Structures are given as C-alpha cells and as structure tokens.
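K.L.:
For any residue, its number in our numbering is found by taking its place in the sequence shown, counting from 1, and adding 106. A virtual CB, placed ideally from N, CA and C, is assigned to each residue, including glycine. Remember, it's a predicted structure, so these values are computed and weren't measured experimentally.
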Amino acid sequence: MAPQDATMYWLSRRTRNDLFLLYCFADSGRPTKELRAAVAERSERIADLRVRLRELPADIDYPYWTPCEFAAEQFVEHRLAEPNWSRLLDALGGVLGTGVDAAVRPWRLHVFRGIVDAPGPGNGPALVAVLQMSHALADGRHASAIARALFSQPAEDVASRAGRREASVPGGSGVLADSALGLLRMPVRLGATAVRGYQAFRAQQQLAQLTESGRLSPPGAGFPPSSVNRSVAEGISRHEVRMLVFSAEDLRVPGRTVTVVVLTAVSSALARYLADQEELMRRLGAQVPMALPESSTEHGIRPRNNYRSLGVDLFTDEPDLRLRADKIAAALVERRLRAQHPLLSAQDRVTATIPAPLLRRDVDRYPIDTVPDSIAGHTVVSSVDRGPADLVFGGGPIRFTAGFPALGSVMHLTHGVHGLGDTVTVSLHADSAVVPDVDTYADLLRSAVKEVIAAL
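1. Quick check on the DSSP output: what are the complete beta strand (DSSP E) runs of length 3 or more inside the stretch 368-440, in order along the chain?
2. Could you tell me whether the stretch 225-241 touches the stretch 490-510, where touching means 3 or more Cβ pairs closer than 8 Å?
3. Please report the distance separating the alpha-carbon of Ser-240 from that of Val-490.
4. Where does Gly-502 fall in DSSP's three states?
5. For Arg-119, collect the residues of the same chain with a Cβ closer than 6 Å to its Cβ; drop the 5 residues on either side in sequence, then sort them by chain order.
6. Mind reading off the beta-carbon distance from Phe-415 to Ala-482? Whole number of angstroms is fine, and I expect it under 8 Å.
7. Look up Ala-249 in the DSSP assignment and say whether it is helix, strand or coil.
8. How many Å lie between Arg-442 and Pro-325 at the Cα?
9. My assumption, with CB atoms under 8 Å, is that Val-486 sits in contact with Thr-520. Please give the rounded CB distance.
10. Taking DSSP as the reference, what is the three-state secondary structure of Gln-446?
11. Where Val-338 and Val-540 are concerned, what is the direct C-alpha to C-alpha distance, given to the nearest angstrom?
12. Assuming the contact rule is C-beta atoms closer than 8 Å, Ser-149 and Leu-155 should be a hit. Round their C-beta distance to whole Å, please.
13. Mind checking which residues open and close the alpha helix (DSSP H) that includes Arg-148?
14. Relative to the C-alpha of Val-469, which candidate in Asp-165, Cys-174, His-184, Glu-346 has its C-alpha closest?
15. Taking the CB atoms as reference points, tell me whether Gln-238 and Arg-214 lie closer together than 8 Å.
16. Going by beta carbon distance, what residues of the same chain come within less than 7 Å of Ser-343, once the five residues before and after it are set aside?
17. Which residues in the same chain have their Cβ closer than 7 Å to the Cβ of Ser-515, if we skip the five residues on either side of it in sequence?
18. State buried or exposed for Ser-192, treating a residue as buried only when at least 16 other CB atoms are found within 10 Å of its CB.
19. Tell me which residue opens and which closes the alpha helix (DSSP H) that Tyr-168 is part of.
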C-alpha cells in the first residue's frame, strides 16, 4: 500500500473520512434479492471491490491489499417509514456518520427503494444507491471509475476495466514474510528519506527563488476562520445533506467552467449566510481538490489517492459577479500551475520513502481536533465529472449523481459538484451543530447560482 493511502486509512481511525457516492436511478421494481445478487456477481469482476486491507504487527511496514470475497453485509437495504425525499435525506445523514473498516471490507452499498418526489429528471419512484468506500481504497476520481464499473453495461466492460487495475492490488506473501521484508526495507527507507529530504529542501529554495522572480505565483494566502469553521468539543452532532439538481446546460456558461460558476455562487451564498449571522468576513476562500497526473510507482505500487487541495480566494470584495468569476478562474489557474510544478513533487517523494512506523506516529499525533489561526479555505468545493448517463441498476436508468466531501474539525460545511450526462448536482454536507439552518443556506445557494448564471 502506498503511504498516501495508508495515511487515509490511519486517519479513518481518528475521524470519519469515507467517500459516499450517490446514484439516483429509476426504480424498476425488481426484487431486492435480485439486486443483491447482481451486486455480488458484478463486484466479483472488479478488482478494486474484491480486496481488503491487511495490517502488519507494530506497523513494521505499510499494510497490504489482500483478496477477499463479497460479504452479504456489504449490501444494506434501508426501509423508510415514508419513502419520500425528505425521509431519505434524514436517513442519509445517519449513513454519512458511519465508517467502513478497510481491514474487514473497504466498501458497502446502501440502497433505498421506491423514493417518491426525488429531484432531477424522470418520473415515478426512484432507487437511490449510495456507494460507501474507504478513502484508502480510492480518491474521488478513482471512486467514480469504480462506481461506473459497478453500474455500467455490458458486463464485459467491467471485466476489462478490472483487469487493468489488477496489477495494483498485490496480495502480499503472508504476515511473517511481509513483516520480515518490512524490517529489511527499514534502513533502505531511512536512507532514502534522508536523501530525498535534502532534495526537498533544495526544491523549496528553488521554489522560493522562482516565486521571488515572479516566474511562479506565490502560495495562496491563508484565511482567518469563520463561524462555520469553529471547533465543536462534542464532535459532529448530526450530518445534514441537501442536493440541488440542475440541467448541465444551465451551468455551461461560455468561457467559464462549471467549477468556476459554482465557486462564484458559493462566494455569494456563504457571504450572505455569514452576514445574516452578523459576521462580516473581509475575505472568504475555498479548498478545491485537484486530481494530479498519473504518478510513477514506488516499490511497484501506484498510489490510489493522487490529488492536492488548492486554497482559492473567492474575492467577495468584488461586487461585479462577472469580474469576480474572472478573478476566481485566474486564481484557480495560478493555484493549479503552482501545484503541478515538478519541484513540489519533491516533498511527495520524501513521503513515499518514510518508514511506516514513523508516518503512523505522525498521523496519530497530527492535531486534527483544533482549528488553526489561518486556514486554507472556509469550505470545500469538490468537482468531479462522472461521465455519460449510461448507467443502469436493477433495470432502471440513471437520473443523477451526487457526492458529499467529508466534514472535520475545520470544515463543517462542504460542497460536492458532480456531473453526469445532462445533469449537474451541487450537494451540501453540513454539521447541524455549526450550520443548524442548512435549508436556509441551500436556498441562498440556489438563488446565488441563478444570479451568477444571469450575470455571466
């Protein structure tokens, strides 16, 4: 297992960081027993869905992925007292408060049947499937590919797609043999860490020189926390979710990406929400995860988590929405250019060689329960295009998809932007202890989207 992925697994022992991918289908009425059998059969053809994590004693080396069979408890049907959209949202909040154990099974499928008044295109009852996945298994981009394999037709496509990933799911040689190998690797890793640490130091000096000369944009300035970033001693009290489903055509503004359109809308909605709480923030920012190009392998392993989070200014001091969108787009380009600079990969190369016990110690000691004086963004806006709307489950065609970036001690309000075919869903995920009136914020965001589209 790559160190980046092991970090996600170890973090899951301290905080909930699972991925939740929602897919809304038309409910064809096919019996749930048949749906479960179809998931069991299909998952057996997908390499990423037939593994679990195996740890080594004392974390002498990084965990391994080892083969496993589909288990009945990986398919969970939730029966609602009233199968409507409001009840579904309540139940979904409970689901998002759970976590899978990648050492047992790293994924689970939640199914809700016969849901009436679901948003988006299509009529009749809906079947809502929520694929829950350990972040150690995948990042957002790869998780979407796994879900596409699970719900795509025909089956041959799934088999070939799984085959291409097979090489990245080594099974190890057994606990004793892998532990012995880990001990042998320890001095090699320590030496490589020292060498690459010096290389990273030199890379930082070169980055500073490029920045001072103006050839590279400076790192993003931090932001003071707002009320939606305050620490809550008792932890997340209740997960609340909302979904705004739009026609993709409405959000496709010439010269702007969907991500920029939504970021501009978030800038207005969040500023208004905070102002209503009598909190006037001079600057607001958002963390935007950015997928990185396919990385090279270390020790024959390619990381499953391959992205960086960009801190982007939302320029709320610019009243003209057209100019604000231009500034956000320019800032996003600058942050991406800096994040993709080869010199920044030097630190990643250090992480790739750190011995497992040292990285585990750092993860366990990292202060995830405190809010720093300066943060990279007040909210998260994670945007993923999940491809064409050609997915099917139980004979019912897909209507739309959604996703919910995780909450934490700093982030109590996050946004997902997920496109599928002719729809784009903007999802909200909030901690009700910090954002108790999520419907108010959802209304502000819906209005802001319309305002931004009209202005652009």
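P.N.:
With the given structure in hand:
1. 391-397, 413-419
2. yes
3. Position 134 of the sequence shown, counted from the start, is the residue given in the question as residue 240. Position 384 of the sequence shown, counted from the start, is the residue given in the question as residue 490. One C-alpha to the other measures close to 18 Å.
4. Walking along the sequence shown from the start, residue 502 turns up at place 396. Here Gly-502 sits in strand by DSSP.
5. Stepping through the sequence shown from its first residue, residue 119 is reached at position 13. Excluding sequence neighbours, Arg-119 sits near nothing in its chain.
6. For the purposes of this step, residue 415 is identified with residue 309 of the sequence shown, where counting begins at 1. For the purposes of this step, residue 482 is identified with residue 376 of the sequence shown, where counting begins at 1. Position check: residue 415 holds Ser in this sequence, whereas Phe was assumed. Going by Cβ atoms, the distance from Ser-415 to Ala-482 rounds to 7 Å, so yes, they are a contact pair.
7. As a first step, residue 249 is located in the sequence shown; it is residue number 143 there, counting from the start. Looking at Ala-249 - three-state DSSP - the assignment turns out to be helix.
8. Start at 1 with the first residue of the sequence shown, and residue 442 comes out as number 336. Start at 1 with the first residue of the sequence shown, and residue 325 comes out as number 219. Spanning the two alpha carbons is a distance of roughly 11 Å.
9. Locating residue 486 in the sequence shown gives position 380, counting from the first residue. Locating residue 520 in the sequence shown gives position 414, counting from the first residue. Val-486 to Thr-520, Cβ: 4 Å. Contact.
10. The residue labelled residue 446 in the question sits at position 340 within the sequence shown. Note: Gln-446 maps to coil in three-state DSSP.
11. Walking along the sequence shown from the start, residue 338 turns up at place 232. Walking along the sequence shown from the start, residue 540 turns up at place 434. Distance between the alpha carbons of Val-338 and Val-540 is about 8 Å.
12. Position 43 of the sequence shown holds residue 149. Position 49 of the sequence shown holds residue 155. Right, the Cβ-Cβ distance comes to about 4 Å (below 8 Å), so this counts as a contact.
13. By 1-based counting over the sequence shown, the position of residue 148 is 42. Unbroken alpha helix (DSSP H) run through Arg-148: 138-149.
14. To locate residue 469, count along the sequence shown from 1; it is residue 363. Out of Asp-165, Cys-174, His-184, Glu-346, Asp-165 has the C-alpha closest to the C-alpha of Val-469.
15. Counting from 1 along the sequence shown, the entry for residue 238 is found at position 132. Counting from 1 along the sequence shown, the entry for residue 214 is found at position 108. Going by C-beta atoms, Gln-238 is nearer than 8 Å to Arg-214.
16. Mapped onto the sequence shown, residue 343 falls at position 237. Hits under 7 Å: Asp-537, Ser-538, Ala-539.
17. For this step, residue 515 is matched to residue 409 along the sequence shown. Result list for Ser-515: Ser-337, Ile-474, Asp-475, Thr-476, Val-477, in chain order.
18. To locate residue 192, count along the sequence shown from 1; it is residue 86. It counts as exposed.
19. Here residue 168 refers to the residue found at position 62 when the sequence shown is read from its first residue. Segment: none, Tyr-168 is in no alpha helix (DSSP H) and carries neither H nor E.
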